[in-house]
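2 protein chains.
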Amino acid sequence: MLKKNIGKLHVLTDTVLQSHFSHLDLARMAIDGGADTIQFREKSASTREMIEIARKLKGVCVEAGLPFIVNDRVDVALASAADGVHLGQDDFPIPLARELLGTDVIIGGSAVTLEDAQKCLADGADYVGFGPVYPTSSKLDASSPTGIEPMEKAIKTVPLPFIAIGGIHAQNVSEVMQAGAYGIAVISAVCCQTDPEQATRMLSQALGMGD
Amino acid sequence: MLKKNIGKLHVLTDTVLQSHFSHLDLARMAIDGGADTIQFREKSASTREMIEIARKLKGVCVEAGLPFIVNDRVDVALASAADGVHLGQDDFPIPLARELLGTDVIIGGSAVTLEDAQKCLADGADYVGFGPVYPTSSKLDASSPTGIEPMEKAIKTVPLPFIAIGGIHAQNVSEVMQAGAYGIAVISAVCCQTDPEQATRMLSQALGMGD
């Protein structure tokens, strides 16, 4: 049992790759489709706007009983009483985030290699976001796809739940889960689909969640 | 006497309007030229980069015995142990920043109108950044120039030190100071000059500071 409520199907809301749906639209549809974690990722809005959106997303997640995680911005997480932050390599340092946010808040770290994952553990992260596992159209990361094997090795070495990210869709979910991933995180597989709710449902079913 | 160390010549380091000097270059030259507050304003770098730069700037300010202020980013201010934050209308909310940062940290708010300045006071700001007073090439603000009179009226009404900003240079400093400003904040008048140190010195002399 994990000490914290870390979901298996993290949907990152994105309004850069698509502009048809708002963060709030995406969160609602993803939750209706079975997502159990919403991560707010926004790089270009003003801090004030980010906080406004984050507070709304937090409200939606509270209603659904799901953890709400903010990507990168510890200030926005604090202002929206987020349940957690996800901190990439170029984001806020994990040890300092832990100091500021306390022990109860979920902190996720990003890893592309075993060494990154070990650093996440040493830094005090609660889970590892590993990838990009597969080629991804989200291009969030300049890194080449890791493939399954390096993730599998990292999972065996680092005693943290691994959330696989990068190019994951309903057809390859089973592969990452068989490699020992605890769950998955998706962006374009939900946000860039014509029906984000249905797209989430396909992933949720592929993960064997819910009904 | 002010309770906190609020400078009279705030130089905002900028690497958008110019790319010849780094934030650190600008801070050093501004301090050598007589600036008594450095404000770090950076919107496009990664959080990790911002923190790295902010920590260096804080070091330079500590050596010089000057307050170091971070624009907008409370997370970066926390990570760099900044002496203060400057929060514009689209930035982090002042009351929440006060709660997170404590009573000793300097918090500046932005105001274009008397009402804004009153809100800064009510929110718990330590000073008001008022402007743009004059037309500015920095285009930081979509607002039209306020001119001197509205600032003068706000200064008489709101019992906080006012730092005038927007289009201020050595030739109009006396006008804003005669209107009751406590000090000035500049961007392009220092950062976009061929000799930022000398440009700062001209302003410092116009303010009657130092030697």
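Protein sequences appear in the order of chains A and B. So this note's numbering is basically just the index in the first sequence, starting at one, shifted up by 159. So this note's numbering is basically just the index in the second sequence, starting at one, shifted up by 159. Every residue, glycine too, gets a C-beta built ideally from N, C-alpha and C.
Handout entry: Residues that L259 of chain B contacts on chain A, provided the C-beta gap is smaller than 7 Å
Key = L237
Handout entry: Those residues which DSSP pairs with S269 of chain A across a bridge
Key = A:G288
Problem - Where the segment 188-212 of chain A meets chain B: residues whose CB sits under 8 Å from a CB there - result: S205, T206, R207, E208 and I210
Exercise for the section: Output the boundary residues of the alpha helix (DSSP H) element that contains V235 of chain A. Expected result: V233 to A238
Exercise for the section: Tell me where the alpha helix (DSSP H) around A189 of chain B begins and ends. Expected result: H182 to D191
Problem - Beta bridge counterpart(s) of F321 of chain B as assigned by DSSP - result: B:V287
Exercise for the section: Within the same chain, show all residues whose beta-carbon is closer than 8 Å to that of V221 of chain B, passing over the 5 residues directly before and after it, in chain order. Expected result: F227
Handout entry: Reference A189 of chain B; option with closest CA among B:D173, B:K202, B:E334 and B:G326
Key = B:D173
Problem - For N331 of chain A and A358 of chain A, the rounded distance between their alpha carbons - result: 14 Å
Exercise for the section: Under 8 Å by Cβ, that's how I've got G325 of chain A and P309 of chain A pegged, so tell me the actual separation to the nearest angstrom. Expected result: No, G325 of chain A and P309 of chain A are not in contact; Cβ-Cβ is about 12 Å, not under 8 Å.
Exercise for the section: Consider the Cβ of F227 of chain A: report whether some Cβ of chain B lies at a distance smaller than 8 Å. Expected result: no
Handout entry: Sequence-distant residues of the same chain with beta carbon closer than 6 Å to D250 of chain A, five excluded per side
Key = D231
Practice task
Would you mind listing the alpha helix (DSSP H) stretches within the segment 209-262 of chain B that are 4+ residues and don't spill past its ends, in chain order?
Solution key: 233-238 and 253-260
Practice task
Indicate whether S297 of chain A and L176 of chain A have their beta-carbon atoms separated by less than 8 Å.
Solution key: yes
Practice task
Return helix, strand or coil for T316 of chain A, following the three-state DSSP convention.
Solution key: helix
Problem - V102 of chain B at chain A interface by Cβ criterion, 8 Å - result: Look at the range of chain B in this structure, 160 to 370, and you will see that residue 102 of chain B is not part of it.
Exercise for the section: Could you list which residues in chain A have their beta carbon closer than 7 Å to that of F180 of chain B, in chain order? Expected result: Result: empty, since nearest Cβ-Cβ is about 23 Å, beyond 7 Å.
Practice task
Please name the residue, chosen from B:R200, B:E201 and B:A236, that lies closest to R214 of chain B on a Cα-to-Cα basis.
Solution key: B:A236
Handout entry: Interfacial residues, the segment 261-273 of chain A to chain B, with Cβ spacing under 8 Å
Key = none
Exercise for the section: Name the residue from A:L280, A:H179, A:K163 and A:D184 whose alpha carbon lies nearest to the alpha carbon of V170 of chain A. Expected result: A:D184
Practice task
Would you decide whether A240 of chain A is buried or exposed? Buried here means 16 or more other CB atoms lie within 10 Å of its CB.
Solution key: exposed
Exercise for the section: Determine the closest residue to I314 of chain B out of B:C279, B:N164, B:I197 and B:V219, with distance taken between C-alpha atoms. Expected result: B:C279
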